[in-house]
Amino acid sequence: MDACFSAFDKDGDGFLNIEEFDGICKGLFRNDRGIVYSLDVHTLKHIFNIFDTKKDGLIDRQEFTMCWNKWIKTIIRPVNIFLIIDVQNDFISGSLNISNCSAQQNGLEVIEPINHLLDTVNFDSVFYSFDWHPIDHISFIENLSLRPLDSSSPIKANNAQLYDTVVFEGSPKIKQRLWPKHCVQDSWGAQLYKDLKVVDNAVKIYKGTISDVDSYSVFWDNKKLTQTTLGTQLAKLNATDIYVCGLAYDVCVGATAADALSIGYRTILIDDCCRGVDLNDIEKTKNNVVKNHGVIVQSNEIKTMVEGRDRRPELGYKLALEIEKSMEKENYK
Ligand SMILES: [Zn+2]
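Here the sequence shown is numbered in UniProt numbering, starting from 1 and rising by one per residue.
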């Protein structure tokens, strides 16, 4: 750390000014071929100000220690989690085969690139999620008559169609899209697709297990009333970077990526390892990830990122923002 500070303190005055800090960022944010990712001036200044805790326009050795421990170390040595979402029979060739949805995408196409990543990239941990519903689950159109609709529901029970959104009575009221019966616990449809590689020591996470509320995100149900074990397991591993992919892009993958970002994880969406339901919603999912400082990449970019040899500025900025948030919390205590 001291050597790094001294190397970048070009004028040797014992402080890093913003130009010298820019030198550190140029060293950090580059790919494995040494091509530097540009950081716009506004972002650079913001990051500099986060670590300039004394707000004197300079980073001293004490401030740099925090910057090193909380920021640079993670950028160079992230703890990488591969989260493979709902690659289950029903979404590929079963009752909720996504190729019947408006985007007409083929879920089978995610198997090969996901398996290739599992074979070639050394993630710290691999997670598989399962949509895992009881037979009386609220999301099944077959179960529409089991629960009364709220008077505010835009669609009434007698003319509700597949993929419509209705509102069920309750406190809270539950807005729910209607899907065909799918991923019933312990059924063939809920099994992972047979050709998907399952690695040793993988963690399996089950969601949507409560009858009266659906769960798109692998973290929480759609009302955030209950959570899966994902959050605590990631915390136990000191995870920093979450690579998400699977089915369906604009439903469970999108909701999981949004939650990962909101919790504060550096989040990477693997575009070619996802297939979805609706093209507009896939676009919205991507926009939401980028807007919240996640990145969208193709699977052939992952290996060098996981190895810390391709370091993206968006993810560095995301981490800096999280550090800023936690410092603000400390200051309010
Ligand atoms: Zn489901």
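Using N, Cα and C, we set each Cβ at its ideal position, and we do this for glycine too. Since we're looking at a predicted model, the values are computed, not measured.
Ile50 counts as buried, since no fewer than 16 other beta carbons sit within 10 angstroms of its beta carbon.
A straight line joining the alpha-carbon of Lys181 with that of Arg147 spans about 16 Å. Residue Arg77 holds the alpha-carbon nearest to the alpha-carbon of Arg266 among Asp195, Lys207, Arg77 and Leu39. Under DSSP, the beta-bridge partners assigned to Asn80 are Asp241.
Between ligand 1 and the CB of Asp60, the shortest heavy atom gap is not smaller than 7 Å. Within the model, the alpha-carbon separation for Ala157 versus Asp214 is close to 18 Å. In this structure, Asp259 places its C-beta atom within 8 Å of the C-beta atom of Trp220. Sequence-distant partners of Val166 (beyond 5 residues in either direction) whose C-beta falls short of 7 Å from its own C-beta, in its chain, are Leu149, Ser153, Ile155, Ala160, Gln176 and Leu178. Within the same chain, no Cβ atom closer than 7 Å to the Cβ of Ser38 is found once the five residues on either side in sequence are excluded. Taking a contact as a CB-CB distance under 8 Å, the pair Leu230 and Val218 counts as one, their CB atoms being some 5 Å apart.
DSSP links Asp131 through a beta bridge to Lys207. In this structure the stretch 93-104 does not touch the stretch 45-60; the number of beta carbon pairs closer than 8 Å is below three. For Ile323, the enclosing alpha helix (DSSP H) begins and ends at Pro313 to Tyr332. Assignment of beta-bridge partners to Ile85 by DSSP yields Ser129 and Gly246. Residue environment analysis places Met1 among the exposed positions, since fewer than 16 neighbouring C-beta atoms fall within 10 angstroms of its C-beta.
Taken in chain order, the complete alpha helix (DSSP H) segments of 4 or more residues contained in the UniProt domain "EF-hand" (1-31) are 2-8 and 18-28.
Taken through DSSP and simplified to helix, strand or coil, Thr165 comes out as strand. Its chain contains Val184, Gln185, Thr209, Ile210 and Ser211 as the residues whose beta carbon lies nearer than 8 Å to that of Pro134, once the 5 sequence neighbours on both sides are disregarded; these appear in chain order. The residue from Asn331, His116 and Trp132 with its alpha-carbon nearest to that of Ile205 is Trp132.
Taking 7 Å as the cut-off, one finds no heavy atom of ligand 1 near enough to the beta carbon of Ser129. Minimum Cα-Cα distance from Ile111 among the listed residues Lys286, Val79, Ser93 and Ile24 corresponds to Ser93. Distance from the CA of Ile296 to the CA of Ala7, rounded to the nearest whole angstrom, comes to 33 Å.
At least one heavy atom of ligand 1 sits closer than 7 Å to the Cβ of Asp214. Taking Lys55 as reference, the option from Ile84, Val289, Ile24 and Leu16 with the minimal CA-CA separation is Leu16.
In the three-state reduction of the DSSP assignment, Ile268 falls in the strand class. Contact annotation: Asn89 and Gly189 have beta-carbon atoms nearer than 8 Å. Distance from the CA atom of Val277 to the CA atom of Leu117, rounded to whole angstroms, is 24 Å.
DSSP lists Trp220 as the beta-bridge partner residues of Gln227. Distances taken from the Cβ of Gly94 to the heavy atoms of ligand 1 include none shorter than 7 Å. The nearest non-hydrogen atom of ligand 1 is 7 Å or more from the C-beta of Trp220.
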